Structure formats: structure tokens, C-alpha cells
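Visitor: Its first residue numbered 1, the sequence shown is counted upward by one per residue in the UniProt record's numbering.
All C-beta atoms in this analysis are idealised placements derived from N, C-alpha and C, irrespective of residue type, glycine included.
Keep in mind the model is a prediction, meaning the values are calculated, not measured.
First, the structure itself, so that you have it in front of you.
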Amino acid sequence: MAGRDNKTIRRISQAERFGKVATNSISLKGKWLQEAGFTPGMPLKIRVMPDCIVITAQNTLELWQCLEGLSIEPFNPSAAVDWIKYYPGGLRLAV
């Protein structure tokens, strides 16, 4: 071991470790949802208040009016329809 440099800094690699992060969740499923008027793929409106969560069907006419009102550029209905088609979660426009 005569030719070794004793001043060498040895580095030990260590993998990153990610701990579990607790996340609250609520799963709703059952035939009662359809009986209450909810169908698969239906857009939902969720309102959160202290100690209360309200889930209702999203009125697509209301959504359309929001798109019109929030448009910075002149409103383009065909572009809005394309946006709704590819919206995450798959909104469906009721015609």
C-alpha cells in the first residue's frame, strides 16, 4: 500500500429514500350513485366548506358560460369544444 494517497476523499453513494406521505381520500362507488342521478363520466362540481363537501353534477351550460366569460381572446366555440374533449378527466359536452 505504499503508493496510495491517504488524502483521497471517499464518497459513498446513497439512494434517495422517499417516505410515504399521508394523503386523505374518499372513494364513492355503488349503485346508489346512479340512483342519485350520477352516471359514469359525468362532470362533477365539488364545493368544499368547513366540515362539508358538496358534490353535484356539473351543469355544462354553466361551464360553457364560464369559458366564454374567462376567455382572454375572442371566444372561439370550436376551440372550446376541442378543449373540453381533451380536458383531464374527460368532460362530456351535453348538446
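When you compare the CB positions of Ala-36 and Leu-44, do they come within less than 9 Å of one another, or not?
Guide: Against the sequence shown, residue 36 aligns to sequence position 36. Against the sequence shown, residue 44 aligns to sequence position 44. Not in contact: Ala-36 and Leu-44 (Cβ atoms no closer than 9 Å).
Visitor: With distances taken between CB atoms, is the gap from Leu-63 to Ile-84 smaller than 9 Å?
Guide: Translated into the one-based positions of the sequence shown, residue 63 becomes position 63. Translated into the one-based positions of the sequence shown, residue 84 becomes position 84. In contact: Leu-63 and Ile-84 (Cβ atoms closer than 9 Å).
Visitor: Return the chain-ordered list of same chain residues with a C-beta closer than 6 Å to the C-beta of Ile-46, the five sequence neighbours on each side being excluded.
Guide: Taking the sequence shown and counting its residues from 1, the one referred to as residue 46 is at position 46. Same-chain partners within the cutoff: Ile-55.
Visitor: Work out the CA separation of Leu-28 and Phe-38 for me, nearest whole Å.
Guide: In the sequence shown, the residue the question calls residue 38 occupies position 38. In the sequence shown, the residue the question calls residue 28 occupies position 28. Whole-angstrom Cα-Cα distance: 11 Å.
Visitor: Give me the Cα-Cα distance between Phe-75 and Val-48, rounded to the nearest whole angstrom.
Guide: For the purposes of this step, residue 75 is identified with residue 75 of the sequence shown, where counting begins at 1. For the purposes of this step, residue 48 is identified with residue 48 of the sequence shown, where counting begins at 1. Their backbone Cα atoms lie some 30 Å apart in a straight line.
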